[in-house]
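Just below is one structure, and these are the notes that go with it.
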Amino acid sequence: MTVTGWLTIALFAVLLTALAIPFGSYLANVYSGKRVFLTPIFGGPERFLYKVLRVDPNREQDWKSYAKSLIVFSLAGWLLLYLILRTQDAFFVPHVLNPLGFESAPWNVTFNTASSFMTNTNWQYYSGETTMSYLSQMIGLTVQNWLSAGVGIVVAIALIRGIIGRTGKSLGNFWQDLVRTILYVLAPLSVLAAIVLVSQGVIANFSHYLTVHTVTGLTQTIAMGPVASQEAIKMVGTNGGGFFNTNSAHPFENPTAFTNFFEMLLVLIIPAALVFAYGRMTGNRRQGYAIYATMILMFLGAAAVAYIAEAHGSPAQHAAGLHTHVIAGSSGGNLEGKEQRFGIAGSALFDVVTTVTSCGAVNSAIESFTGIGGAVPFANLSASEVIFGGVGTGLYSILLYVLLAVFIGGLMVGRTPEWLGKKLEAREIKLAGLGILITPLAALLATALATASHAGRESISKAATGPQGFSESFYAYLSQANNNGSAFAGYTGFIQPNAGNVGSHGVTFADLLGGFDMLLARYVPILFALAVAGALAGKRVTPAGLGTMRTDNGTFVVLLIGVIVLVGALTFFPALLLGPVVQGLTSHLY
Amino acid sequence: MRRDIVTSTIAALVFTVLLGLVYPLVITGVSQVAFPGNANGQQIHVNGKLVGSKIIGQSFADPKVKNGKVLEEKGVVVTEPDERYFQTRPSVTEGGAYNAAASTFSNLGPNSRATEEAIAEHIKGYIELEGPYNPGLDAAHVPVDAANSSGSNLDPEISQANARIQAHRVAAVRHLSLAVVGALVSKYTDARGIGFSGEPGVNVLELNLALDRLTGGAR
């Protein structure tokens, strides 16, 4: 470990908080319909889009109507994406946007990919530079990078409206929220981010792959493409699907230690700011602070554990005779699968940033992390991504946990639980409980199926011996069920024997199981969150009394952390013991 | 329901045009004008020939020739490190090291025998190459970046400790003083990002090209 390593983690937390507070105020204004500094620029396009989409932005929707719009829109996006990906090689191939003439991936892989990008998961069985045409990356994958992020955010906003709603059952208008999210939140951030990234070395072109005659006379082919535009929204929208196979480890996606730091900020800025926006919208900023405190404490804990574990080095390194302590000119540690420019701290922190959120981008091989270092992303996913979480998804997920914590707190003091002046009754608690439990259920059931069946074990990589094979499978379905998308990347669902997809085939079992997992664990919790919003929206507000449990102080932060850890531990402990914990506790090689 | 279907269909198409065509085209267009070097991958040309990208690692090895024939194993050219050059990190991409058309993780687990074997082999190769110029070099003194493959397997950089060891070989083979080579290493060392983020790294391609300019190139 080094001083600069710890400094990176500390400064990141400070900078994130400093940026998220003002941005949170901005978000609160956007979603309260107030004028913001971008209104003069985007007001016109906003009204134009309403006209084109034939929507009346002032039409109020109750939770069922809101949910219906959301589901139908997502379905349309899925169908279009599937169609685009499957017809990649149908017209005039090769052309300027498919310069290498890549064939479409088979139906099963495409089912997985389409489900993956629509659900903000961005799990990738394919590898970008050997599968996808530039056109597919742009009009297919990039578009869903935006839209899935937008859908996540509007659900959080709808839930907040339900919580604070004083009259009637309205949660706002889905189309208005979506258009506003794209124009006022995602667009300015993405455009700014893309330009900054290119200025630091991320590529942006439509060239044919380069043929290089290297210094010693070898031939090297270098993949190209319109990376910057996709990279920006990939991070801003907590999507995480790389343009290239090695994602943010690839120098063209993440060329320097600065871009590494910058990309981490991009991932967390919206999830963090939404928490402050929540506080503002409830009229009591301390509500936001309490949730933020919960998140940042758990985040820093995860980062510290991952950094310490990775700096220590792995059993395989030590068995081979390597010394992994810091020496002059080298940070030491477990550098297997990590880039020199990011180092141990920059890799461990990036891993935590992208697994507490639904981002799932990686700048290093998680499969090569040490047992304990690898247990950190496992634990982050097991907490159902409520530590910041994905854009929107993190907030609506943790609000369900808040509801549960208030309920448990109410039981402990023996009073009818109330939250922000609204009495919590059986219906809300049941809905929240189901919303919380569906993701673990999907993850564990799929893992059991995949490890107990012959068809499932086909996906495990040859090199993953002993507990590593279980870890690979478990991580695959945990990641997909949490809509995260990071991977122990040895796990495969797509066999590509030749470049350009000639003769490639998918592993149907893994592709479909993962695909259904993602769809289920995305849309069912969304429906429960919206149903909770609907149930809360109509309730009358009673002023807080002497016996009201406060949800904006330190005691509540402790209670909330307790509930999150407890739910995660109770559901996932047995499975975690079989994989990463075994690996962390032994120096035995398998 | 009907209204939702109509709006959703229009929305999917409109957003595909706006976010899938207009947005990437604008970003790529602006990038090509404002940062053409970066946007096209920081290509390095020598005598009009493209020799690589500054930020993509490459292999500094020569094809192994036996009886006038280039050796191949399973269709992949067998290579051996070129002693005149600083060597990049181990890379396990398909079709030979540093295949930048198919980046890949090595996915070697922390407790796997396969990982230990791979690392042990890299250590052995490193000591064979550097040992003669660094008496007493053993596994305990091999920097981790020299024995571990990177994330992308396209890492353009090595650690300063690694470069310092290799400098002895390069200086001896090229008949340069260690101080001259050391100065070049420092010159092509990228500092941490904004002073604290990440680790310093030595850009191997730039360093090797500078050496060639000093003492004459490979061919």
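Chains A and B supply the protein sequences, listed in that same order.
Each number in the working numbering comes from the position in the first sequence (counting from 1) with 1 added on.
Each number in the working numbering comes from the position in the second sequence (counting from 1) with 6 added on.
Every residue, glycine too, gets a C-beta built ideally from N, C-alpha and C.
Between the options, which lies nearest to residue i when the distance is taken from Cα to Cα?
| i | options | result |
| --- | --- | --- |
| L39 of chain A | A:L184, A:F489, A:S33 and A:G6 | A:L184 |
| A274 of chain A | A:I165, A:G535, A:L17 and A:G563 | A:L17 |
| R9 of chain B | A:G44, A:F112 and A:F175 | A:F175 |
| V155 of chain A | A:Y67, A:T212, A:H209 and A:T111 | A:Y67 |
| T295 of chain A | A:A482, A:I399 and A:A376 | A:I399 |
| S480 of chain A | A:T452, A:S383, A:G411 and A:N554 | A:S383 |
| S105 of chain A | A:G546, A:L579, A:V503 and A:R523 | A:V503 |
| Q469 of chain A | A:V558, A:G242, A:M2 and A:H589 | A:H589 |
| V327 of chain A | B:P42, B:S165 and B:A126 | B:S165 |
| M7 of chain B | A:L76, A:M2 and A:T5 | A:L76 |
| F93 of chain A | A:A115, A:S134, A:S116 and A:T111 | A:S134 |
| A451 of chain A | A:Y478, A:A464 and A:G322 | A:Y478 |
| A320 of chain A | B:E205, B:D151, B:L213 and B:A146 | B:A146 |
| A189 of chain B | B:H181, B:F202, B:L217 and B:E205 | B:L217 |
| F253 of chain A | B:N159, B:V76 and B:P96 | B:N159 |
| D512 of chain A | A:V37, A:F112 and A:F103 | A:F112 |
| P387 of chain A | A:I437, A:E340, A:E426 and A:G585 | Per the sequence presented here, residue 387 of chain A reads as Val, with Pro not at that position. Closest by alpha carbon: A:I437. |
| A11 of chain A | A:L266, A:S70 and A:R36 | A:L266 |
| V152 of chain A | A:R523, A:G585, A:R551 and A:M2 | A:R523 |
| A194 of chain A | A:L528, A:G45 and A:I270 | A:I270 |
Distance, Cα to Cα, residue i vs residue j?
| i | j | result |
| --- | --- | --- |
| L98 of chain A | T88 of chain A | 13 Å |
| G432 of chain A | G226 of chain A | The sequence as given places Leu at residue 432 of chain A; Gly does not occur at that position. Distance between the alpha carbons of L432 of chain A and G226 of chain A is about 45 Å. |
| S348 of chain A | G333 of chain A | 13 Å |
| D90 of chain A | P256 of chain A | 31 Å |
| D63 of chain A | V12 of chain B | 20 Å |
| G34 of chain A | L190 of chain A | 19 Å |
| Y127 of chain A | G501 of chain A | 11 Å |
| Q201 of chain A | Q48 of chain B | 11 Å |
| F510 of chain A | S474 of chain A | 13 Å |
| F244 of chain A | D178 of chain A | 28 Å |
| A124 of chain B | Q318 of chain A | 10 Å |
| G548 of chain A | G415 of chain A | 10 Å |
| A307 of chain A | I129 of chain B | 26 Å |
| A482 of chain A | L396 of chain A | 17 Å |
| A304 of chain A | T260 of chain A | 19 Å |
| A369 of chain A | L537 of chain A | The identity of residue 369 of chain A in the sequence shown is Ser, whereas the question assumes Ala. Their Cα atoms are separated by approximately 45 Å. |
| V199 of chain A | A45 of chain B | 6 Å |
| F41 of chain B | I223 of chain A | 19 Å |
| V403 of chain A | G411 of chain A | 12 Å |
| T247 of chain A | E136 of chain B | 30 Å |
From the DSSP secondary-structure annotation, give me the bridge partner or partners of residue i.
| i | result |
| --- | --- |
| Q221 of chain A | A:V213 |
| G207 of chain B | B:D196 |
| T496 of chain A | Sequence inspection shows Ile at residue 496 of chain A; the Thr mentioned does not correspond to that position. Paired residues: A:H506. |
| T40 of chain A | DSSP lists no partner for T40 of chain A. |
| T85 of chain B | B:P69 |
| L193 of chain A | Note: L193 of chain A sits in no beta bridge, so no partner. |
| K55 of chain B | B:V52 |
| V6 of chain B | An answer regarding residue 6 of chain B cannot be provided, because it is not within the stretch 7 to 225 covered by chain B. |
| S365 of chain A | A:K339 |
| H96 of chain A | A:N99 |
| S331 of chain A | A:I328 |
| V16 of chain B | In the sequence as presented, Val is not what sits at residue 16 of chain B; that position holds Ile. Paired residue(s): none; I16 of chain B is not in a bridge. |
Using C-beta distances below 8 Å, list every residue in its chain close to residue i, excluding the 5 sequence neighbours before and after it, in chain order.
| i | result |
| --- | --- |
| G289 of chain A | G25, V276, F277, A278, Y279, G280, R281 and T283 |
| E78 of chain B | V84 |
| K424 of chain A | T417, P418, K540 and T543 |
| R181 of chain A | V31, Y32 and E47 |
Just to confirm my understanding: we take residue i, look at its own chain, exclude 5 residues before and 5 after, and list those with CB closer than 6 Å. What are they?
| i | result |
| --- | --- |
| R225 of chain B | Here R225 of chain B scores only 44 on pLDDT, less than 50, and its place in the model is too uncertain to base an answer on. |
| W420 of chain A | V407 |
| P107 of chain A | H506 and G507 |
| A291 of chain A | D553, F557 and V558 |
Looking only at its own chain, which residues have a Cβ that is under 7 Å from the Cβ of residue i, when we skip the five neighbours before and after it?
| i | result |
| --- | --- |
| S183 of chain B | A177 |
| I161 of chain A | Y279 and M282 |
| A67 of chain B | T85, E86, P87 and D88 |
Which whole-angstrom value is the C-beta distance of residue i and residue j, which I expect to be below 8 Å?
| i | j | result |
| --- | --- | --- |
| E134 of chain B | V210 of chain B | Not quite, the Cβ-Cβ distance comes to about 19 Å (not below 8 Å), so this is no contact. |
| E264 of chain A | M299 of chain A | Actually they are not in contact, since the Cβ atoms of E264 of chain A and M299 of chain A sit about 21 Å apart, beyond 8 Å. |
| L211 of chain A | L56 of chain B | 7 Å |
| S14 of chain B | F74 of chain A | 4 Å |
| T356 of chain A | G391 of chain A | With 8 Å as the limit, T356 of chain A and G391 of chain A do not qualify as a contact, their Cβ atoms being about 11 Å apart. |
Can you check whether the C-beta of residue i is within less than 7 Å of a C-beta belonging to chain D?
| i | result |
| --- | --- |
| F245 of chain A | Here the protein chains are A and B, and chain D is not one of them. |
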